[in-house]
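Engineer: Heads up: the sequence shown is residues 99 to 818, going by my numbering. We treat Cβ as the ideally placed atom computed from N, Cα and C, and that holds for glycine. For clarity, every value in this text was computed on a predicted model and none was experimentally measured. Quick one: the structure is below, questions incoming.
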Amino acid sequence: MTFDRARIYQGVAAAGSAALLLGWAPNALAQASAEATRLETVTVQGNHLYQMLPSEVTGGYSVDAATVGTKTPASLRDIPQSVSVVTREAIEDQNFTTLDELGRRTPGLRVLSNDNGRSSIYARGFEYDEYNIDGLPAPMTSITGSVPTLAAFDRVEIMRGPSGLFNSTSEMGGIVNLVRKRPTHDPQGRISVGAGTDQQRAAQVDVSGPIDGDDGRVRGRLVIDRTHHGEFVDRNTNRQNDIYAAIDVDLDDATTFGLGYIHNSKDIRVNNGHPVGPSGELLYGSRSDFYGANWNDFDSYANDWIAELTHRFDGGGFGRFAARYSDRNAGYNYAFGGSALDQNERLTVAGIGSRIDQQAVALDASYSQPFAAFDSVSEFVLGADYKRFDTDTESGRSRSLTGSRVTRGELNEISYVDVLGAARATGRGYAHTDTRLEESGLYGKLTLRPVDPLALIAGTRVSHYAVDFEDLAADNDQDRSGTEATPYAGVVFDVDANHSLYASYSQVFKPQTAEGPDGNLIEPREGDQYEVGVKGSYLGGDLNARLSAFRLYDDNRAGTPPDTGASYAVPIGKMRIQGAEFEVTGSVTDQWDVIAGYTYLDTEVQQSGDDREDAIFLLMPQNVVNLWTQYDFAGETLGGLRVGAGMTAMSDFNSSSGVEAPGYAVFDAMIGYDFNDNVSGQLNFNNIFDREYYNRVGGVNTFNMPGAPANVMATLSYDF
């Protein structure tokens, strides 16, 4: 199907204007049609979930609703896909500071560990390559260190599986939405400090409240956080700094304007993991060994600016315009093992250096409206969005930084080498690319309830995309553009007051930068997912459960034509991923919270021109169990005491290089105590049985990452 590009852009502009300028028209229409929205049995009052309190206020491990993958807030039972929400209390109880730490203990997620803030997060076999802040996307990759810290956020919403209706060019695994802490009407603050084994240290200040007196129409918030992550690997250091500032202004009783700024910086002495031994064995008994140079370095900064305007209409409608601009810069230079260890425990030395500049722009305008139909309340949402990701990457690689094999100690002490500078000067191992991904889209979704227990959900998106890939080292520029329609369909049937059956079909596409036989970039990958399940909500919504089964197809993956030796790619890759998930999250009582889940994953490469096409899937264990629970005692004797315990367990996994890791189970614990209304303390114990294990394997020379040994972190907090 062919679409007119000019019409697409006109439509985006028109829809964006509609959400802002035409928003005042529904006020007049609402008065004129007040009788039309009031039936004999149904009164349309708007979606009350827009007024949902933040999780830092409600407490516990459950929330009323989520917006990830839906645009409008909906209860978890009403979303026909797999969605989890990790609340602020769950984040603090488990002492998570970064998104990859959270991912390691979240059901359905798999983290390929690196330095904290530089890991890769996967769901259903695919990496999350974007993360949203309040629904606005920007790239997320381990290589840029753009995995976010959590100091600025109230909760984390996670959708598994394609989310193409509102995130059409994202990966197949799903989308992560981070919901910001917002300024509060009442003054509040917290100061916390922490220290632990392996040189762990942390400090945070979080203050919020009105800044225009008692009126509270103008509110502000400031969070400053500094974290020094544990250093169980010799010489490995990891320091991160965060600043979050926000202001919200009530322009009138129905209109709010907000601004937010988030800064993150990282300073890391890079640890790239272990090589294997002479027979390909993992190096147990040496998890503190550092296979790198003392001058290994990774530095990055990221700045995000967010603006948002919302308006609640008299007829129950809700309009929103939001924008995000992200600016990232990363640079690294490090040495690591270039081979397996030989019989004399010596290895070659490889090196890599890079400079990355990345900017991202995201705009979104939407309008949602509940309406009466079939004696019930239905809802539609219409909107337009735009995003642009620009990435300039210059890198250099060396297979040998030394003339001969060295011991680990000699590797630690090798003389400084500017790997990127050397590659730039000689041209060997040098690469320089500039990539732009641009997309604009119009979307619509309808939730219709023809009979009381049944909800039918349908939506579609029309996107125009353009990708430009410039190889500056080879003086080659390629581009591709097109228009795609992305459908979505779902059904939810309420079996009774506590249980719902659901089914959904979702789709996504992903532009690629591989070059085809005609010299042009090949067509995008396409993902389709079919999911069915049952969801339960108990104890007034405080406890939520989900059992789901899914099948996902990934088509058109770039691959080299088999048996041709061709230097070009064709879209021949086809994957099938299927599995099942079970999850229970929330509060069993006012004192007892729980997060529990089981994930089963089965993958199959159905067609490929690359023998290593299944490399990522091999790293995904077939079975994973996650468990965390905490209990808050009451009464005169034990009042103020909190205890928690958790387990993460997975089955065997391996890499395409033949490195195999056995499954493992790791146990954690927490003890907290509220000394009074203002002062509290907490101890977090990780890997309490000091299990030695590998949480990731890679090649024979690198990315074999031992898990951290037993460690403890103590935190003292003062609330005011």
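1) If you draw a straight line from the C-alpha of residue 789 to the C-alpha of residue 201, how long is it?
2) Ends of the alpha helix (DSSP H) at residue 186?
3) Quick check on residue 713: buried or exposed, where buried means 16 or more other Cβ atoms within 10 Å of its Cβ?
4) Whose C-alpha, out of 571, 237, 544, is nearest the C-alpha of residue 471?
5) Distance check for residue 478 and residue 134, CA to CA, integer angstroms please.
6) May I ask you to report which of helix, strand or coil DSSP gives residue 818?
7) For residue 784, which residues does DSSP report across the bridge?
8) Along the beta strand (DSSP E) that carries residue 427, what are the first and last residues, could you check?
9) For a quick check, are the C-beta atoms of residue 488 and residue 462 less than 7 Å apart?
10) At what residues does the beta strand (DSSP E) containing residue 583 begin and finish?
11) Which of the three DSSP states, helix, strand or coil, is assigned to residue 122?
12) Taking only the alpha-carbon atoms, compute the straight-line gap between residue 446 and residue 502 and give it to the nearest angstrom.
13) Rounded to a whole number of angstroms, what is the C-alpha to C-alpha distance between residue 505 and residue 443?
14) Pull up the distance between the alpha-carbon of residue 110 and that of residue 480, whole angstroms please.
15) Report the rounded CA-to-CA distance for residue 816 versus residue 778, giving the unit in angstroms.
16) For the candidate residues 774, 727, 734, 805, whose alpha-carbon lies nearest to that of residue 762?
17) What residue range is occupied by the uninterrupted alpha helix (DSSP H) comprising residue 519?
18) Which one of 433, 338, 330 has the shortest CA to CA distance from residue 368?
19) Thinking C-beta only, is residue 252 closer than 7 Å to residue 186?
20) DSSP state of residue 796, grouped into three classes?
21) Sort 279, 325, 530, 782 by Cα distance to residue 770 and report the nearest one.
22) Decide yes or no for the touch test of the stretch 225-235 against the stretch 262-280: beta carbon pairs closer than 8 Å, at least 3 of them.
23) Do you know offhand how far residue 571's Cα is from residue 158's?
24) So which of 490, 465, 718, 277 has the shortest CA-CA distance to residue 342?
25) DSSP on residue 758, reduced to helix/strand/coil?
26) Counting Cβ pairs closer than 8 Å, one from the stretch 585-603 and one from the stretch 513-532, do we hit at least three?
27) Measuring straight from C-alpha to C-alpha, what distance separates residue 400 and residue 473?
28) Drop a sphere of 10 angstroms on the beta-carbon of residue 465, count the other beta-carbons inside from all chains shown, and report buried for 16 or more, exposed for fewer.
29) Thinking C-alpha only, which one of 180, 419, 172, 162 is nearest residue 645?
30) Just how far apart, CA to CA, sit residue 579 and residue 270?
31) Identify every residue that forms a DSSP beta bridge with residue 536.
32) Let me know the alpha helix (DSSP H) ranges lying completely inside the stretch 664-725, each 4 residues or longer, listed in chain order.
33) Please give the ranges of any beta strand (DSSP E) in the stretch 196-233, keeping only runs that are unbroken, at least 3 residues long and fully inside the region.
34) So, using beta-carbon positions, are residue 613 and residue 666 closer together than 7 Å?
35) In three-state terms, what does DSSP make of residue 242?
36) Are the stretch 629-647 and the stretch 674-693 in contact at 8 Å, needing three or more beta carbon pairs?
Structural biologist: Looking at the coordinates:
1) 20 Å
2) From DSSP, the alpha helix (DSSP H) with residue 186 extends over 186-191.
3) exposed
4) 544
5) Because residue 134 sits at a pLDDT of 36, beneath the cut-off of 50, its placement in the model cannot be relied upon, and the point is left open.
6) coil
7) Its beta-bridge partners are 809.
8) 416-435
9) The answer is no: Cβ separation not under 7 Å.
10) Note, residue 583: beta strand (DSSP E), 574-592.
11) Caution applies to residue 122, whose pLDDT of 36 falls short of 50 and renders its modelled position unreliable; the model cannot decide the point.
12) 7 Å
13) The C-alpha of residue 443 is placed about 6 Å away from the C-alpha of residue 505.
14) For residue 110, the predicted model reports a pLDDT of 37, less than 50, meaning its position is unreliable and no value from the coordinates is stated.
15) 7 Å
16) 805
17) 517-524
18) 433
19) yes
20) coil
21) Considering only alpha carbons, the answer is 782.
22) yes
23) 53 Å
24) 277
25) In the three-state reduction of the DSSP assignment, residue 758 falls in the strand class.
26) no
27) Distance between the alpha carbons of residue 400 and residue 473: 50 Å.
28) buried
29) 180
30) Taking the straight line from one Cα to the other gives about 20 Å.
31) 486, 564
32) 713-716
33) 207-210, 218-221, 228-231
34) yes
35) coil
36) yes
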